[in-house]
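Residues 12 to 97, numbered by my numbering, are exactly what the sequence shown covers, in order. Even glycine gets a Cβ: it sits at the ideal position worked out from N, Cα and C. Quick caveat: nothing in here was measured; it's all calculated off a predicted structure.
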Amino acid sequence: MAKLAALTGTAIAATGAAHFVSPKTFEPISAAAFPKDTGTWIKRNGATEVALGLGLLSRRTRKLATVGLLAYTGFLGSRIAANKSR
12 MAKLAALTGT AIAATGAAHF VSPKTFEPIS AAAFPKDTGT WIKRNGATEV ALGLGLLSRR
72 TRKLATVGLL AYTGFLGSRI AANKSR
């Protein structure tokens with residue numbers, strides 16, 4: 012389980028860091044969730060993903076990071092769904 016958490020945490024943190032390196036890559040999905048001020052949200056989402064990914068790496072913070080990841084995923088999904096219905 013620890014190896015899976017480490018792999019997942021590394022992947023999520025790297026994806027979060029990529030938001031800062033190549034923000035245009037994340038523009039389509041970010042715009043779907045946050046049509047206004049998309050650029051700011053790309054950075055916010057990147058920072059959130061870095062923090063959650065790093066949280067998964069430590070056994071001490073893994074449960075909290077898992078809950079955070081579930082909440083973050085639900086938040087993004089609800090934003091996309093709300094904007095599609097408009």
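- Here the alpha carbon of T77 sits roughly 9 Å from the alpha carbon of G64.
- The DSSP-derived three-state label of S96 is coil.
- Annotation for P34: no alpha helix (DSSP H) segment contains it, and DSSP assigns it neither H nor E.
- Counting along the chain, R70 sits inside no alpha helix (DSSP H), nor does DSSP assign it H or E at all.
- Shortest Cα-Cα distance from R55 to any of F37, T72 and R97 involves F37.
- Excluding the 5 residues flanking it on each side, S41 has same chain C-beta neighbours closer than 6 Å at T49, W52 and I53, in chain order.
- Between L67 and G20 the beta-carbon gap is near 3 Å, inside 8 Å, which marks them as a contact.
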